């Protein structure tokens, strides 16, 4: 049987009035022409036709389900708008119906490329409300710094690899992802998972690093350093790569300040703003590292900065590993048993879980420990009434967390200021007036992750 014929009139192509012509005058112009084809009427009434193209949300170069609405004149972008919300998960609202500890399981899934930063920021804010910031063991803070800096390198490698692939440099992607694999193996050794760890907890971390981890980490750092050298040679020393990115996606300091943009995009304008230096947390003020900046404010400078930030993160990781050797055997969770997660966790062949020795103890010898375990896991600890704001330096910029407590066992409100959300505001400024092909490069230099944007 043949398909039924659709007799409905075809919808007109998207058109807009030129210049600043108001809607009323446009309508009057259309009415003057009476019946006819919409394309002909639009061309005669307005004097020109503009084409609106949807780039995404199903597009490999938008770094997720990002929709870009581009108005083009030939190959030139005359207007660019970002459409978001296609990956909305309701994570912030879900956190209001879970205990404070369970919140880490949700927020780690926001920016899935850099999950440990959401965990750290959230737990630091909860610790402020609990008044235990100074009670967090030194070893726990060292592990937090170590894991975050490894995650920063892994995140930048994804940015550089996918950005290179979008411009046709497939080797950049394969090297970037091979280097990232070294870091993911370290994550798996510590947390039992490659992503979405829920490893950083209020009061410390879930479990100490395994025996022999520092040796494994130092070997991995040597390999990562070698891969970074290859990436530098392929990209920064490549005249074709440099010519393709230089002068593209320019956004100066005043533009970044007006749009509250942070991270490598802001530092590419010459402003050395880094939360680790300006408002330290987790003892970052005791680590020796630099905040790289540049002056070009274009896509090429952002690539240079991310490569340099990887080297600075390696420098911090090496210092953290030395401190781990020095603090071996020390606790990784606060001593207060009313807050500390009761189970003694361990990483086994099937991932992270309760230590078999701990289960044997609470099930066989201590009824009080079993009751405490049950109450704290199912109900959670209570947090005093109040609110707290905490920021950390995320790979994409300043990540902020605002948590509010009404004195219960669950957050009254948890809101995240994700850097990708703010940075996407720069799409129109960076793309308008440029070529359609430059949109891909400009968006890649922002490095947005839509899980963090939509939440």
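Residue numbers (UniProt numbering): 1 to 455. By construction, the Cβ of each residue, glycine as well, lies at the ideal position given by its N, Cα and C atoms. If you're wondering where the values come from, they're calculated on a predicted model, not measured in any experiment.
Scanning its chain for C-beta atoms nearer than 6 Å, with the 5 sequence neighbours on each side dropped, one finds around residue 55 the residues 68 and 70, in chain order. Assignment of residue 166 by DSSP, reduced to helix, strand and coil, places it in the helix class. Remark: C-beta atoms of residue 265 and residue 302 approach each other more closely than 8 Å. Secondary structure in the region 315–390: the alpha helix (DSSP H) runs of 4 residues or longer, each lying completely within the stretch, are 356–364 and 367–378 in chain order. One thing to note: residue 269 has its Cβ no nearer than 8 Å to the Cβ of residue 245. The C-beta distance from residue 321 to residue 214 rounds to 5 Å, short enough to meet the 8 Å contact threshold.
Annotation for residue 154: 180 and 183 place their beta carbon closer than 6 Å to its own, counting only its chain and skipping 5 residues before and after. If you draw a 10 Å sphere on the C-beta of residue 129, you find 16 or more other C-beta atoms in it, and that means buried. Following the DSSP letters along the chain, one finds residue 67 inside the beta strand (DSSP E) bounded by residues 67–73. Taking C-alpha positions only, residue 441 is separated from residue 250 by approximately 11 Å. Looking at the DSSP output, residue 399 sits in a beta bridge with 392. Contact annotation: the region 303–323 touches the region 142–152, with at least three C-beta pairs closer than 8 Å. In the three-state scheme derived from DSSP, where H, G and I count as helix and E and B as strand, residue 51 is classed as strand.
In this structure, the alpha-carbon of residue 105 lies about 41 Å from that of residue 242. Looking at 324, 195 and 63, the one whose alpha-carbon comes closest to that of residue 137 is 324. In this structure, DSSP gives residue 312 a helical state, which the three-state scheme calls helix. Remark: C-beta atoms of residue 261 and residue 397 approach each other more closely than 8 Å. Going by beta carbons, residue 168 and residue 426 fall outside the 8 Å limit. In the three-state scheme derived from DSSP, where H, G and I count as helix and E and B as strand, residue 413 is classed as strand. Distance from the CA of residue 386 to the CA of residue 405, rounded to the nearest whole angstrom, comes to 5 Å. CA-to-CA, the gap between residue 389 and residue 414 works out to about 10 Å. Non-local C-beta neighbours of residue 121 in its own chain, meaning closer than 6 Å and more than five positions away in sequence, comprise 390, 392, 399 and 401, ordered along the chain.
If you ignore the 5 residues before and after residue 186, its C-beta comes within less than 8 Å of the C-beta of 150, 213, 216, 217 and 220, all in its own chain and listed in chain order.
Assigned with DSSP and collapsed to three states, residue 78 falls in strand. DSSP places residue 256 inside the alpha helix (DSSP H), whose first and last residues are 253–258. Residue 294 and residue 308 have their alpha carbons spaced roughly 11 Å apart.
Scanning 156, 110 and 419 for the CA closest to the CA of residue 227 turns up 156.
Shown here, residue 103 sits in a helix according to DSSP, grouped into three states.
Residue 281 is positioned such that its CB atom lies closer than 8 Å to that of residue 124.
Among the bridge pairs identified by DSSP, residue 207 is matched with none.
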